[in-house]
Amino acid sequence: MSALPKSGPARRVPGSRPDGAGGRARGLRRGRRAATGAALLTLALTASGCVTVHGEDAFVPTATRAEAARALKEFTGAYNAAARALDPALDEDVLAGPFGAITQDGLRSRRAGHPGGAPEAVPLEVSDVRYLIPRQRGWPRWFVADTDTNRDRDGVAGQDTRWFFVFTRSGPEAAWRATYLSILTPDEIPALREDGAGHPVPAPPGDLSARYVQYLKDGRGGRFAPGQHTTRWRADREKAANRPGWTTQYADEAAAGGAYRPWALRTKDGGRLVFFASRHYERRTAAPGVRITLPTGVKPLLKGAVKRSYTLEYTSNEAVVVPKSGPAVFLNRLQGVTGAQGG
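Residue 373 in this note's numbering sits at position 184 of the sequence shown; the count goes up by one each step and never skips.
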């Protein structure tokens with residue numbers, strides 16, 4: 190199979206680096222002796238490694254509950270405004286990462302067919318919120334908002350669902366942004382471990398994005414349990430590869446940098462709940478004489494002219510449970526078209 194085009198660099202949550210203001214001597218009008226003493230004290234503390242600028246070295250909750258609540262409120266307000274207007278500019282400041290890419294390109298695609306927006310769109314409402322705020326050192330920081338919503342009618346087989354939003358913040362001057370969304374039924378939500386202060390315990394997320402990409406390529410390794418997003422997806426791809434009049438080639442790409450960074454929480458049984466992302470490509474080539482019709486919503490994202498083929502780029506965000514021993518089990522995978530290239 191010929192190589193498929195690769196996407197550009199991952200979108201990153203914008204932010205600024207600490208400016209070091211916390212280490213500057215203050216009170217310059219207090220006299221030379223006071224200023225000299227303050228400078229020497231600052232120098233001594235810096236040399237001993239005891240100075241903390243903006244909390245980089247402190248082991249603290251990644252957000253206060255008030256900060257988390259404010260971030261969720263700002264997100265839902267902007268998200269609903271963008272959904273009504275079908276305007277990605279209205280929520281670009283509260284989104285990033287895979288969820289941001291899926292949402293933003295979805296809005297661009299829909300707006301092409303509905304330039305007047307969607308004033309009838311039902312606003313997303315969240316309630317019964319549980320904030321999962323781990324403790325950590327350094328940046329970036331993150332937390333999870335486990336929410337009930339008014340979208341259960343669109344859930345899995347009419348079941349109750351919980352929407353898990355992962356919010357990240359790249360630095361002390363950056364805004365909180367929603368980077369992942371996972372929709373889980375109550376029986377899919379694992380019990381999480383808490384530390385002595387009642388905070389969920391972060392865990393190493395590992396290299397699941399790269400492992401998943403490799404699994405989709407060769408199916409080996411036993412790293413993922415059988416299911417809709419593993420064995421069945423590979424089987425569906427194989428079946429669709431050679432349909433009458435069409436040839437489809439597949440390629441996959443890990444996505445784990447910047448705002449696509451994975452995150453994980455420790456479960457009570459010693460496993461991990463992991464949120465990660467990946468990109469997937471389909472090159473569809475038509476046989477001579479076959480008329481090419483693009484899938485609905487793709488044309489607004491298309492670059493280049495379609496002659497005999499086109500390539501679709503998908504972005505996925507995944508939620509899996511990795512047990513203490515055994516393969517990872519998929520809980521949810523959200524996917525959207527985030528690019529198209531003619532060929």
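Cβ atoms here follow ideal geometry from the backbone N, Cα and C, with glycine treated the same way.
For W422, the uninterrupted alpha helix (DSSP H) segment begins and ends at 420 to 429. When P433, E256, E471, A445 are compared, the shortest CA-CA separation from V479 is found for P433.
DSSP places F248 in the coil class of the three-state scheme, outside both helix and strand. Within the region 479 to 521, the beta strand (DSSP E) runs of at least 3 residues that lie entirely inside it are, in chain order, 498 to 511. Distances from the CA of A424 to each of A414, R412, L405 were compared; the closest alpha carbon is that of L405.
Between Q438 and the set G525, P512, Y499, the nearest pair of CA atoms involves Y499. Counting only the Cα atoms, E314 lies some 11 Å from D341.
DSSP places E309 in the coil class of the three-state scheme, outside both helix and strand. Approximately 15 Å separates the beta-carbon atoms of T504 and Q530; this is outside 8 Å, ruling out the contact. The beta-carbon separation of V511 and G460, rounded to 5 Å, stays under the 8 Å limit for a contact.
The residue from T474, K492, T420, R351 with its alpha-carbon nearest to that of V518 is T420. Between the C-alpha atoms of V333 and R497 there is a straight-line separation of about 44 Å. In the structure shown, Q403 adopts helical secondary structure according to DSSP, grouped into three states. Counting other Cβ atoms within 10 Å of its Cβ, S398 reaches 16 or more and is therefore classed as buried. With a threshold of 16 other beta carbon atoms within 10 Å, Q417 falls short and is exposed. Membership of A475 in the beta strand (DSSP E) is indicated by the continuous run 461 to 475.
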